[in-house]
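**Student:** Numbering (our numbering), first residue to last: 1 to 194.
Here it is: the structure, laid out below.
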């Protein structure tokens, strides 16, 4: 899958599947993120072995990872992780991170849309997102896409600095998500939030 997309500011990025050849570029992308952006990631993706593990997950079929590339550099990373456990095989977990210069340009919505298409192909029926309480902007965007908050687990996870944080789980039925996403894009709300 490779798709050239034009963003709100008329810049263009290539959205494509991550490959083993992306190891160095992926590591450079994560190292370029601010400490604030990395604080709430569940893994320390500035470590080579962590990025290698992410690529192995793609090769094993337990994750679908897309990257957005501009001027030869990765500027966004999105993943859909599908459980290998039969009782959760219908559920996919969505994760997105966009480089600051590419935020508010519609890239997050475009990347999410491609992942939703891939989720449908993988027979995923429900998408979940997990985040920490301080990630208010992310919660707002996912609410607008039709996700609803299911639960809060107090002090359940630690951010990369070691501080305990509440974990929030949100989920959305994929069919309902498509409907919400179409409305979201049609009303132009995605332009204000990306």
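Cβ coordinates follow ideal geometry from the N, Cα and C atoms, glycine included.
Under DSSP, the alpha helix (DSSP H) around residue 137 begins and ends at which residues?
**Tutor:** 136 to 144
**Student:** Thinking residue 153 and residue 131 are a contact (beta carbons under 8 Å), I'd like their distance in whole angstroms, please.
**Tutor:** Not really, about 12 Å apart at Cβ, beyond 8 Å.
**Student:** Where do the ends of the beta strand (DSSP E) carrying residue 72 lie?
**Tutor:** Careful: residue 72 lies outside any beta strand (DSSP E) and carries neither H nor E.
**Student:** Roughly how many whole angstroms lie between the Cα atoms of residue 119 and residue 80?
**Tutor:** 7 Å
**Student:** Quick check on this structure: which residue in 149, 141, 171 and 134 has the alpha carbon closest to the alpha carbon of residue 159?
**Tutor:** 134
**Student:** Run through DSSP, which three-state label would residue 125 get?
**Tutor:** coil
**Student:** Which residue's Cα is closest to the Cα of residue 44: 173, 161, 165 and 171?
**Tutor:** 161
**Student:** Can you have a look at residue 105 and say buried or exposed, based on whether 16 or more other CB atoms are within 10 angstroms of its CB?
**Tutor:** Looking at its Cβ environment, which holds 16 or more other Cβ atoms inside 10 Å, residue 105 is buried.
**Student:** CB-CB under 7 Å to residue 107, same chain, minus the five flanking residues each way: which ones, in chain order?
**Tutor:** 7, 13, 68, 76, 98 and 194
**Student:** At what residues does the beta strand (DSSP E) containing residue 62 begin and finish?
**Tutor:** Neither: residue 62 is in no beta strand (DSSP E) and is coded neither H nor E.
**Student:** Taking its Cβ as the centre, do 16 or more other Cβ atoms sit within 10 Å of residue 92, making it buried, or is it exposed?
**Tutor:** Flag for residue 92 reads buried.
**Student:** From what residue to what residue does the beta strand (DSSP E) around residue 94 run?
**Tutor:** 91 to 98
**Student:** With DSSP as the reference, label residue 35 as helix, strand or coil.
**Tutor:** Residue 35: helix per DSSP, three-state reduction.
**Student:** Quick one: residues in its chain with C-beta nearer than 8 Å to the C-beta of residue 147, no 5 flanking neighbours on either side, listed in chain order?
**Tutor:** For residue 147, same chain residues with a beta-carbon under 8 Å away, outside a window of 5 residues either side, are 127, 129, 170, 171, 172 and 177 in chain order.
**Student:** When you compare the CB positions of residue 114 and residue 3, do they come within less than 8 Å of one another, or not?
**Tutor:** Closer than 8 Å, so yes.
**Student:** Taking the C-alpha atoms as reference points, what is the distance between residue 156 and residue 165?
**Tutor:** 6 Å
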